[in-house]
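Q:
In this note's numbering, the protein residues as written are 1 to 290.
(1) Note the first and the last residue of the continuous beta strand (DSSP E) segment covering residue 179.
(2) By the DSSP assignment, the alpha helix (DSSP H) with residue 153 in it spans what residues?
(3) Thinking just about the alpha-carbon of each residue, which of 88, 174, 121, 134 is nearest to the one in residue 150?
(4) Give the DSSP-derived three-state secondary structure of residue 70 in the structure shown.
(5) Answer with buried or exposed for residue 90, where buried requires no fewer than 16 other C-beta atoms within 10 angstroms of its C-beta.
(6) Step through the CB atoms of chain C and report whether any lies within less than 8 Å of the CB of residue 140.
(7) Assuming residue 66 contacts residue 130 (C-beta within less than 8 Å), just tell me the rounded distance between them.
(8) Take residue 235 and list the residues in its own chain whose beta-carbon comes closer than 8 Å to its own, dropping the five residues that flank it on each side.
(9) Could you please give the first and the last residue of the uninterrupted alpha helix (DSSP H) stretch that includes residue 92?
(10) Would you report the Cα separation of residue 204 and residue 161, rounded to the nearest angstrom?
(11) Cα separation between residue 109 and residue 227?
(12) What does the Cβ neighbour count give for residue 115, buried or exposed, with the cut at 16 atoms within 10 Å?
(13) Please report how far the alpha carbon of residue 18 lies from the alpha carbon of residue 157, in whole angstroms.
(14) Compare the C-alpha of residue 63 against each of 111, 84, 217, 213 and name the closest.
(15) So is residue 128 buried or exposed if we call it buried at 16+ other beta carbons inside 10 Å?
(16) Looking only at its chain, what residues have a beta carbon closer than 7 Å to the beta carbon of residue 159, apart from the 5 residues adjacent to it on each side?
(17) In whole angstroms, give me the CA-to-CA distance for residue 70 and residue 173.
(18) Have a look at residue 192 and residue 82 and give me their C-alpha separation to the nearest angstrom.
(19) For residue 221, name the three-state secondary structure that DSSP assigns.
(20) Whole angstroms are fine: how far does the CA of residue 78 sit from the CA of residue 138?
(21) Return yes when the Cβ of residue 210 is within less than 8 Å of the Cβ of residue 222, no when it is not.
(22) In or out: residue 96 buried (at least 16 other Cβ within 10 Å) or exposed?
(23) Let's test the definition: count the other Cβ atoms within 10 Å of the Cβ of residue 93 and tell me whether it reaches 16, buried, or not, exposed.
(24) What's the call for residue 195, buried or exposed, on a 16-neighbour Cβ count within 10 Å?
(25) Write down every uninterrupted run of the beta strand (DSSP E) in the region 118-147 whose length is 3 residues or greater and which is fully enclosed by it, in chain order.
(26) For the putative contact between residue 84 and residue 171, defined by C-beta atoms under 8 Å, what is the C-beta separation to the nearest angstrom?
(27) What number of angstroms, rounded off, separates the C-alpha of residue 169 from the C-alpha of residue 68?
(28) Quick one: grab the DSSP three-state call for residue 201.
(29) Between the alpha carbons of residue 237 and residue 231, how many angstroms are there, rounded?
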């Protein structure tokens, strides 16, 4: 069982500053936290519209389409940081030995703080999913991801009643967050495997986040810390994502092809994007890691 019911996740994660849209199901449709003030003035409205429309159309049982193995892309692009070892000697040394020293900390508003090794995570119940990742730069590709559901790890840590936000930090310095609604979704996983092998370094080794109902930048690579918080204001600069100052909204909803067909431009390498970016404009901004 997941740590929270859908109703608890919705009401808990979004009740602090979210407000329901008039005339819509109040369990499903909420605005983002302190839209505009905390998420950035220029993208506050687009975040609100994207999140509200996503919550209106989907509940927490709605799944990103899972695909057959014959659709896996031969090449899966890696964007942003592709080798932390270029600047981090400790990462390189650990990589050369199979990451025995890597640790994932789970702290903050939890009853039982955790420090997990890669072996610990691999020993947990695993889940595999073959999904299409869409990038805001216009490409998409399909891969098989294997890992532990984030909900399982949070369950082990025992969230406190005032837990609202799950913040992730990475070896390369990136950080972002999810609300509880997306954090406990069954396809949100901490992935350590890709296409039946170990997760490659360019794709986020040893462990990356997979958020299948969002665009690629929400699936952070090189995860090494999870912090459970009760307020977005306790995150760096009081914002919900490191990407906000460079033009990325906090909420990046995505929708892959519902018919499961490859794009005409798949060409044995990677598919073109079939993403639904909601009400956001990404033209002319830097790309984050995905």
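The beta-carbon is built from N, C-alpha and C at its ideal position, and this holds for glycine as well.
A: In terms of the structure at hand:
(1) Stepping through the chain shown from its first residue, residue 179 is reached at position 179. Residues 175-179.
(2) Along the chain shown, one-based indexing puts residue 153 at 153. Element bounds for residue 153: 150-157.
(3) Residue 150 sits at position 150 when you count from the first residue of the chain shown. It is 121 whose Cα lies nearest to the Cα of residue 150.
(4) Residue numbering aside, residue 70 sits at position 70 when the chain shown is read from its first letter. Helix, per DSSP.
(5) Taking the first residue of the chain shown as 1, we reach residue 90 at position 90. Label assigned to residue 90: exposed.
(6) Included in the structure is just one protein chain, with no chain C present.
(7) In the chain shown, residue 66 corresponds to position 66, counting from 1. In the chain shown, residue 130 corresponds to position 130, counting from 1. That pair is a contact at about 6 Å.
(8) Looking up residue 235 in the chain shown gives position 235. For residue 235, same chain residues with a beta-carbon under 8 Å away, outside a window of 5 residues either side, are 165, 167, 175, 177, 229 in chain order.
(9) In the chain shown, the residue the question calls residue 92 occupies position 92. Where residue 92 is concerned, the enclosing alpha helix (DSSP H) stretches over 89-96.
(10) In the chain shown, residue 204 corresponds to position 204, counting from 1. In the chain shown, residue 161 corresponds to position 161, counting from 1. Looking at the two C-alpha atoms, the distance is approximately 32 Å.
(11) If you number the chain shown from 1, residue 109 lands on position 109. If you number the chain shown from 1, residue 227 lands on position 227. Using only the alpha carbons, I get a separation of about 8 Å.
(12) In the chain shown, residue 115 corresponds to position 115, counting from 1. Result: exposed.
(13) The sequence position of residue 18 within the chain shown is 18, counting from 1. The sequence position of residue 157 within the chain shown is 157, counting from 1. Confidence in residue 18 is poor, its pLDDT being 39 and thus under 50, which makes the residue's placement unreliable; the coordinate value appears in the next sentence. The alpha-carbon atoms of residue 18 and residue 157 are separated by roughly 26 Å.
(14) On the chain shown, position 63 is the one that residue 63 refers to. Closest by alpha carbon: 213.
(15) The sequence position of residue 128 within the chain shown is 128, counting from 1. Result: exposed.
(16) Numbered from its first residue, the chain shown carries residue 159 at position 159. So the qualifying residues of the chain are 3, 109, 110, 228.
(17) Residue mapping note: residue 70 aligns to position 70 of the chain shown, counting from 1. Residue mapping note: residue 173 aligns to position 173 of the chain shown, counting from 1. So the two alpha carbons sit approximately 35 Å from each other.
(18) For the purposes of this step, residue 192 is taken as the residue at position 192 of the chain shown. For the purposes of this step, residue 82 is taken as the residue at position 82 of the chain shown. One C-alpha to the other measures close to 16 Å.
(19) The sequence position of residue 221 within the chain shown is 221, counting from 1. Coil.
(20) Here residue 138 refers to the residue found at position 138 when the chain shown is read from its first residue. Here residue 78 refers to the residue found at position 78 when the chain shown is read from its first residue. Straight-line Cα distance between these residues: approximately 13 Å.
(21) Here the question's residue 222 lines up with position 222 in the chain shown. Here the question's residue 210 lines up with position 210 in the chain shown. It is not a contact, given that the beta carbons lie outside the stated cut-off.
(22) One-based indexing of the chain shown puts residue 96 at position 96. By the 10 Å Cβ count, residue 96 comes out exposed.
(23) As a working mapping, residue 93 is identified with position 93 in the chain shown. Exposed: under 16 other Cβ atoms inside 10 Å.
(24) As a working mapping, residue 195 is identified with position 195 in the chain shown. Buried is the call here.
(25) Fully enclosed beta strand (DSSP E) runs of 3 or longer: 127-134.
(26) By 1-based counting over the chain shown, the position of residue 84 is 84. By 1-based counting over the chain shown, the position of residue 171 is 171. The Cβ separation is near 5 Å, so the contact holds.
(27) Position 169 of the chain shown, counted from the start, is the residue given in the question as residue 169. Position 68 of the chain shown, counted from the start, is the residue given in the question as residue 68. Spanning the two alpha carbons is a distance of roughly 32 Å.
(28) Residue 201 sits at position 201 when you count from the first residue of the chain shown. Residue state, collapsed to three classes: helix.
(29) For this step, residue 237 is matched to residue 237 along the chain shown. For this step, residue 231 is matched to residue 231 along the chain shown. Here the alpha carbons of residue 231 and residue 237 stand approximately 12 Å from one another.
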